[in-house]
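The structure appears below as structure tokens.
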Amino acid sequence: MSIEIRNINKFYGAAQALFDVSLSIRKGEFVTLLGPSGSGKTTLLKIIAGFEPVSSGSITMAGGDVTALPPEKRNFGLVFQGYALFPHMSVYDNIAYPLKVRRLARCEIGERVNAMLDLVQLGRFAKRRPSELSGGQQQRVALARALVFRPDLLLLDEPMSALDKKLRVDLQEELREIHRSLGTTFINVTHDQEEAMHMSDRIAVMNHGRIEQYDTSFDLYRRPRSRFVADFIGKSNIFSGSIFRQGEVCVFRSERIEIPLMEPLAAQGDAMIMIRPEDASIETAPPSDRRIHLPARVQHSTYSGDRVFYTLTLERGGSFIVYGRASSGIHADGEPVYATFMAEDCVVLGTAE
Amino acid sequence: MSRIIYWTSLALSLTFLILPLVLVLPLAFNGSSFLTYPMEGFTLRWFEVVFTQAPWVSAFLNSLMVALGAMVVAVVIGGLATTGTILSGRWGQLILSGLFVSPLIVPSVVIGVAFAYAFGRAGLGGGYVSLVLAHAILGAPLVFLSVMTSLKGLSTDLDRAATSMGASRFYRFRTVTLPLAAPGFLTGALFAFITSFDEVVVALFLASPQSTTLPIALFSGLRDRLEPTIVVVALLLSVLSLLFLFALNTLQRRSPSGAR
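Now the structure itself:
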């Protein structure tokens, strides 16, 4: 089902947790709410699930208003961080629970539960108690239980945060696969940007109760609109300065660098510019082409086999991070080098912050 | 320093709590019929008296019946009270909890007088029924408290999970909350039983000669015939209490992980 979230504000007493949040989710889409703790992502999820009332705003599903609908009438599946499996029931009974609530015939329940157990590859654990399973297995039971009644929407509240890294990656893969095969709309909440980027069609980056940017992983990474998004998603070099018009082109200028901009920007004045460390390179001599180069010294480096991560100190002050190829050896600390990059790879961030 | 404090307080509290018991218990095996030291020989005669003779055997059976009856009624009343309280709103919970716990706060003498008068008026005076009902009302708050405690320990996520799957309030309560609160019910039942089993004050007001309970028999024994039989009964009651404590302990350790 498509979901339309319009202008939601949420107050806890005098404190405001959500500021005019709007989000539109297409049918079958996998959307992640990403943000640091306290950004309001969990509050938003609870509101969508129906456990928290909104202070103002509305939620519509496939055209119908569900803002005031109690959670048990919404037909949304929910997967919790702590699994929330019923400890006194077997895996089978846990998954059968929502079907028993709906008074389905016994044979139909059996069929659906077994199909679900196959989907999450836990067929042989049907008779076990949840406490006899590992964390990853428990989370898969929780997933099966939240999907078995064919909900209109699946909500995942930091489902992986209690699992170790390896399991997390496996489960991400599995979740993506299940999403593809079922076509249900998924909304995931996480603070892990890697997880968000691996799984989601679109990501809503949240900060201080607001949605900073709602875009695909690609656009969030390549075209962040604010300093917060640029910082939160991946590593980046950010320069503050201002944009001037010089004849036909615009130029970004700060104390440290001057960069001619490709796009003829309308907005002049204070601005920030971002360059990703993998878009820059490290050279021992100034390049002969029109690349921008900044003289610097190696402050320190981290070698990870496939590449080297350098932190440089720019001659004009400030630091600069860059990935270097490791096949040609590693530059020593203190060595004079040039940080080089193309003007095209620079992204102008909003001036909001 | 802290070690010295630890050992001193431990020794003092042990002396205070255990010494009176330790001093009196050997008299259960006293050869003479007086409750005095030095003991004159060792005998199991008083055990035989307790297990065979009139006031003790019938009093024990009375106590057992009353306690079992009171336990059952207390679990039903306490369980229903908890159910109602949990299902009501925040203010309702506060007020109802206060009401249901109040029998613990009212002095037993007051309750005794009140029940004696009320049951007398209702024509129930002096029988088992009045004792069972009165003890059930004393035990119900204990059931209520222990069930409430085990319910409060349940993760709200379990209830939310059930909600998201479409279960109504009542269905969630019946299938998730109640089964997980079972250890609380058992603990409450044991408490209710033991409370009734050694309750004296209210029983004194309500019991007739036919429904004399063990504590009352002990009481009159103290007054009329100061014999080692009293100590024997006290010893047996202590052993019973110890067994109950042990049972409670095991129960609490076995409660399912979700109830924590």
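Chain order of the listed sequences is B and A. Per this note's numbering, the first sequence runs over residues 1 to 353. Per this note's numbering, the second sequence runs over residues 1001 to 1260. Ideal Cβ positions, reconstructed from N, Cα and C, are used throughout, including at glycine.
Exercise. State the DSSP-derived secondary structure class of residue 342/B, mapped to helix, strand or coil.
Key: Position 342 of the first sequence, counted from the start, is the residue given in the question as residue 342/B. Of the three classes helix, strand and coil, the one that applies to residue 342/B here is coil, per DSSP.
Quiz item: Is residue 237/B helix, strand or coil by DSSP?
Solution: Walking along the first sequence from the start, residue 237/B turns up at place 237. Strand.
Practice problem: Mind checking the region 1141 to 1162 of chain A against chain B and listing, in chain order, the residues whose C-beta falls within less than 8 Å of any C-beta there? | Solution: 1155, 1157, 1158, 1160, 1161 and 1162
Quiz item: Who are the near neighbours of residue 1222/A in its chain, counting only those whose CB is closer than 8 Å to its CB and skipping five residues on each side?
Solution: Counted from its first residue, the second sequence places residue 1222/A at position 222. Cβ within range, chain order: 1230.
Practice problem: List the residues of chain A whose Cβ lies closer than 8 Å to the Cβ of residue 75/B, in chain order. | Solution: In the first sequence, counting from the first residue as 1, residue 75/B sits at position 75. Chain A residues near residue 75/B: 1166.
Quiz item: Leaving out five residues before and five after residue 236/B in sequence, what residues of the same chain have Cβ atoms less than 6 Å from its Cβ?
Solution: Counting from 1 along the first sequence, the entry for residue 236/B is found at position 236. Closer than 6 Å at the Cβ level, and outside the excluded window around residue 236/B, lie 230, 274 and 276.
Quiz prompt | Interface flag, residue 1180/A vs chain B, CB-CB below 8 Å | solution = As a first step, residue 1180/A must be located in the second sequence, where it is residue number 180. With 8 Å as the cut-off, residue 1180/A counts as an interface residue toward chain B.
Self-check item: contact_flag[the region 237 to 249 of chain B, the region 193 to 207 of chain B] where n(CB pairs < 8 Å) is 3 or more
Solution: no
Exercise. Can you tell me the Cβ-Cβ gap for residue 147/B and residue 116/B, rounded? I've got them flagged as a contact below 8 Å.
Key: Taking the first sequence and counting its residues from 1, one reaches residue 147/B at position 147. Taking the first sequence and counting its residues from 1, one reaches residue 116/B at position 116. Yes, residue 147/B and residue 116/B are in contact; Cβ-Cβ is about 7 Å, under 8 Å.
Quiz item: Are there 16 or more other CB atoms within 10 angstroms of the CB of residue 1015/A, so buried, or fewer, so exposed?
Solution: The count along the second sequence starts at 1 and reaches residue 1015/A at position 15. Classification for residue 1015/A: exposed.
Quiz item: Going by Cα to Cα distance, which pick from 347/B, 76/B and 321/B is closest to residue 337/B?
Solution: As a first step, residue 337/B must be located in the first sequence, where it is residue number 337. The residue with the shortest Cα to Cα distance from residue 337/B is 321/B.
Quiz item: Quick one: is residue 82/B near chain A, going by C-beta distance under 8 Å?
Solution: Against the first sequence, residue 82/B aligns to sequence position 82. Output row for residue 82/B: interface = yes.
Quiz item: What is the rounded straight-line gap between the Cα of residue 1260/A and the Cα of residue 1187/A?
Solution: As a position in the second sequence, residue 1260/A is number 260, starting the count at 1. As a position in the second sequence, residue 1187/A is number 187, starting the count at 1. The pLDDT assigned to residue 1260/A is 35, lower than 50, so where the model puts this residue is not dependable; a value taken from the coordinates is nonetheless given after this. If you take the alpha carbons of residue 1260/A and residue 1187/A, they lie about 15 Å apart.
Quiz prompt | Where the beta strand (DSSP E) containing residue 206/B begins and where it ends | solution = Here residue 206/B is taken as the residue at index 206 of the first sequence, counted from 1. Counting along the chain, the beta strand (DSSP E) containing residue 206/B begins and ends at 202 to 207.
Quiz item: Closer than 8 Å, CB to CB, is residue 1050/A near chain B or not?
Solution: Here residue 1050/A refers to the residue found at position 50 when the second sequence is read from its first residue. With 8 Å as the cut-off, residue 1050/A does not count as an interface residue toward chain B.
Quiz prompt | Euclidean distance between Cα positions of residue 1257/A and residue 1068/A | solution = By one-based count along the second sequence, residue 1257/A stands at place 257. By one-based count along the second sequence, residue 1068/A stands at place 68. Bear in mind that the predicted position of residue 1257/A carries a pLDDT of just 42, short of 50, making it too unreliable to give a figure here.
Quiz item: Which residues, in chain order, does the region 85 to 101 of chain B contribute to contact with chain A at a C-beta distance below 7 Å?
Solution: 86, 87, 88, 97, 98 and 101
Self-check item: DSSP three-state assignment for residue 1009/A, whether helix, strand or coil
Solution: The residue labelled residue 1009/A in the question sits at position 9 within the second sequence. Three-state DSSP puts residue 1009/A in a helix.
Quiz item: Can you tell me the Cα-Cα spacing of residue 111/B and residue 119/B, whole angstroms?
Solution: As a working mapping, residue 111/B is identified with position 111 in the first sequence. As a working mapping, residue 119/B is identified with position 119 in the first sequence. Cα to Cα, the separation comes out at about 12 Å.
Quiz item: Is residue 62/B helix, strand or coil by DSSP?
Solution: Position 62 of the first sequence, counted from the start, is the residue given in the question as residue 62/B. Residue 62/B: coil per DSSP, three-state reduction.
Practice problem: With a 10 Å radius around its C-beta and 16 neighbouring C-beta atoms as the bar for buried, classify residue 1249/A as buried or exposed. | Solution: Taking the second sequence and counting its residues from 1, the one referred to as residue 1249/A is at position 249. So residue 1249/A counts as exposed.
Quiz item: When DSSP builds the beta bridges, which residues end up paired with residue 10/B?
Solution: In the first sequence, residue 10/B corresponds to position 10, counting from 1. According to DSSP, residue 10/B bridges with 18/B.
Quiz item: Which residue comes first and which comes last in the beta strand (DSSP E) that contains residue 357/B?
Solution: Any question about residue 357/B goes unanswered here, given that chain B covers just 1 to 353.
Quiz prompt | Inside the region 312 to 340 of chain B only - beta strand (DSSP E) runs reaching at least 3 residues | solution = 319 to 325
Practice problem: With a threshold of 16 other CB atoms inside 10 Å of the CB of residue 1007/A, please say whether the residue is buried or exposed. | Solution: Within the second sequence, residue 1007/A is the residue found at index 7, counting from 1. Answer is exposed; the Cβ neighbour count stays below 16.
Practice problem: Rounded to whole angstroms, what's the CA-CA distance from residue 72/B to residue 25/B? Just pull it up for me. | Solution: The residue you call residue 72/B lines up with position 72 of the first sequence. The residue you call residue 25/B lines up with position 25 of the first sequence. Distance between the alpha carbons of residue 72/B and residue 25/B: 21 Å.
Quiz prompt | Spatial neighbours of residue 87/B in its chain, beta-carbon cut-off 8 Å, leaving aside the 5 residues before and after | solution = The count along the first sequence starts at 1 and reaches residue 87/B at position 87. Contacts found: 129, 130 and 131.
Quiz item: Taking the alpha helix (DSSP H) that residue 160/B falls in, what are its first and last residues?
Solution: Along the first sequence, one-based indexing puts residue 160/B at 160. Note, residue 160/B: premise wrong, no alpha helix (DSSP H); not H, not E.
Quiz item: Between residue 1115/A and residue 1240/A, what straight-line distance do the alpha-carbon atoms span, to the nearest angstrom?
Solution: As a position in the second sequence, residue 1115/A is number 115, starting the count at 1. As a position in the second sequence, residue 1240/A is number 240, starting the count at 1. Cα to Cα, the separation comes out at about 28 Å.
Quiz item: If you draw a straight line from the C-alpha of residue 105/B to the C-alpha of residue 33/B, how long is it?
Solution: Indexing the first sequence from 1 puts residue 105/B at position 105. Indexing the first sequence from 1 puts residue 33/B at position 33. Answer to the nearest angstrom: the Cα atoms are 37 Å apart.
Self-check item: Inter-stretch contact (C-beta, 8 Å, three-pair minimum) for the region 74 to 94 of chain B and the region 1144 to 1154 of chain A
Solution: no
Quiz item: Any C-beta of chain B sitting closer than 8 Å to the C-beta of residue 1132/A?
Solution: As a working mapping, residue 1132/A is identified with position 132 in the second sequence. Answer no: the Cβ-Cβ gap between residue 1132/A and chain B never drops below 8 Å.
Self-check item: Residue-chain proximity (residue 1037/A, chain B), Cβ-Cβ < 8 Å
Solution: In the second sequence, residue 1037/A corresponds to position 37, counting from 1. Closer than 8 Å: no.
Exercise. Please confirm whether residue 1204/A and residue 1216/A have their CB atoms less than 8 Å apart.
Key: In the second sequence, the residue the question calls residue 1204/A occupies position 204. In the second sequence, the residue the question calls residue 1216/A occupies position 216. Cβ atoms of residue 1204/A and residue 1216/A: closer than 8 Å.
Quiz item: Beta-carbon of residue 255/B versus every beta-carbon of chain A: anything under 8 Å?
Solution: Numbered from 1 along the first sequence, position 255 holds the residue referred to as residue 255/B. No, no contact with chain A.
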